[in-house]
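Residue numbers (my numbering): 1 to 379. All C-beta atoms, glycine included, are put in the ideal place defined by N, C-alpha and C. Quick caveat, the model's predicted, so the values are computed rather than measured. These notes are about the structure you will find just below.
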C-alpha cells in the first residue's frame, strides 16, 4: 500500500519558509535519507495511518520488528530509497522503498518496491508528498534504477493513495490490479473483526464447512528452514519467474534475510531424499478492523517440480502451524507464481482485486510494455 497518509491536493514545497493555511510561518522543510530506528518509524507510520483509517477500513500494523526486518537492518547509507521530510527535528513525511533487481520480460532492470507514503495531517497541503516523490525520482535516476512498484488500495472510497497518484500522472501507470487469496483459520475472530456485517456473516459461516487446520497432521517431510537450505531455496525462488513477465530476481544475501532474521519471518521447507524441494515463507502481523486480529502474510511459496500432493502437504502443515501460533487468517497475493490448485485444496478463497499496482517510471527510456503477470511482494 504505497500511498495512504497523504492528500490529493499537494503543491510542491519551496525551499523558503512558508506561510501555512493558519497564517503561521513554518521552518524550511528538509528532505533526507531516513536515518532513525525502526521503533520511531513504526510509531510515526502507525499513528498517522490509524488517525486516517482506523475503524473505517482494514489496516495492517507494521510494528518495530517488521520495519527492522524490511528496512532498518541496513545502515542509512545502504537504504537510499528511504526518504523522509523533516520540519526541524520533527519527522513529518516518509516514502520508503527497497532496491531489487527485476526481470522485465527478457531484460534485467534495477528498481524498487515502495510503500508507506505517510504525511502528518497538518502538512498535507504543504507539498510534502510531492517533495518526497521528486527526491525519490532524483535518487532513482542517480543510481540507474528505472522504476518503483507499489500499491494503491481502491477497495474503499476513503483510501487516499489512488487519489494522490492521480494528481501525479506523469510516469505513473497501473498495469493491473491484484487481489488476495485468503484462508480463514479462526472464523469467529475474523467475523467479529470484519467492518462489513455481510462479510462478517460470511466468515462466520466458514466455521461450518471448511476443514479445521488444527485437525491436520504435520507432514514428516516438512521442517524448519536451516541456513544450509539457502542454495536450494534460491534455485526454487528463481523458478517463480517461469510463471510471470515481471518479477524479483532474488539474490543470495537478500533471500537469506527474507527467510530468516531474528525469528521474525517464518520459513518451512519440504525435504525429500535429502533435498529441499519446496518452501513457504511468511511473517505475522496484526491487522486492524473492528478490533484486531493476527494475520500471516505469505510472501513466497516455491514448489518447483514437487508433486501436487506434496505441495498440498507443505501448505497444510504451514497453515496448521500458523493456527497454533495464534494466527486468525492467512493471506497471499493472487499471482501466477502460486499454484491455484493448492490454494483451492487447502481452503483459500479469492478476494476482489482491490490492490492496484502503481508503476512509476523513474528514467525516461524505460518502457514497461504490457506486463500483466507479476512476482512482487505486498508492502
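Element boundaries [alpha helix (DSSP H), containing residue i]
i           : result
residue 138 : 128-143
residue 53  : 38-53
residue 360 : Segment 355-361 is the beta strand (DSSP E) holding residue 360; no alpha helix (DSSP H) there.
residue 234 : 230-239
residue 57  : It is not in any alpha helix (DSSP H) - residue 57 carries neither H nor E in the DSSP assignment.
residue 373 : From DSSP, residue 373 is part of no alpha helix (DSSP H); its letter is neither H nor E.
residue 253 : 252-259
Residue i, DSSP secondary structure in three states
i           : result
residue 196 : coil
residue 346 : coil
residue 93  : strand
residue 75  : coil
residue 352 : coil
residue 322 : helix
residue 364 : coil
residue 269 : strand
residue 26  : Confidence at residue 26 is low in this model, with a pLDDT of 49, below 50, so the placement of that residue should be treated as unreliable; the coordinate-derived value is given next. Residue 26 falls in the strand class under three-state DSSP.
residue 327 : coil
residue 244 : coil
residue 378 : coil
residue 369 : coil
residue 216 : coil
residue 207 : helix
residue 296 : strand
Presumed contact (8 Å Cβ cut-off) between residue i and residue j, rounded CB distance
i           : j           : result
residue 432 : residue 114 : In the structure as shown, the chain begins at 1 and stops at 379. Residue 432 is therefore absent and cannot be evaluated.
residue 283 : residue 265 : 5 Å
residue 190 : residue 349 : About 11 Å separates the two Cβ atoms, so there is no contact after all.
residue 73  : residue 246 : That belief does not hold up - the Cβ atoms of residue 73 and residue 246 are roughly 26 Å apart, past 8 Å.
residue 233 : residue 279 : 5 Å
CB contact flag (residue i, residue j, <8 Å)
i           : j           : result
residue 256 : residue 230 : yes
residue 355 : residue 179 : yes
residue 306 : residue 261 : no
residue 303 : residue 314 : yes
residue 291 : residue 193 : yes
residue 458 : residue 366 : In the structure as shown, the chain begins at 1 and stops at 379. Residue 458 is therefore absent and cannot be evaluated.
residue 83  : residue 40  : no
First and last residue of the uninterrupted beta strand (DSSP E) at residue i
i           : result
residue 67  : Per DSSP, residue 67 belongs to no beta strand (DSSP E); it is in the alpha helix (DSSP H), 64-67.
residue 303 : Run containing residue 303: none; DSSP gives neither H nor E here.
residue 176 : Note, residue 176: premise wrong, no beta strand (DSSP E); not H, not E.
residue 337 : Per DSSP, residue 337 belongs to no beta strand (DSSP E) and is neither H nor E.
Proximity test, Cβ basis, 8 Å: residue i and chain C
i           : result
residue 216 : Absence of chain C from the displayed structure is noted, only one protein chain being present.
Within the chosen definition, does the stretch 349-362 reach the stretch 95-109 through at least 3 CB pairs nearer than 8 Å? no
Are there three or more Cβ pairs, one per stretch, closer than 8 Å when the stretch 368-377 is compared with the stretch 333-345? yes
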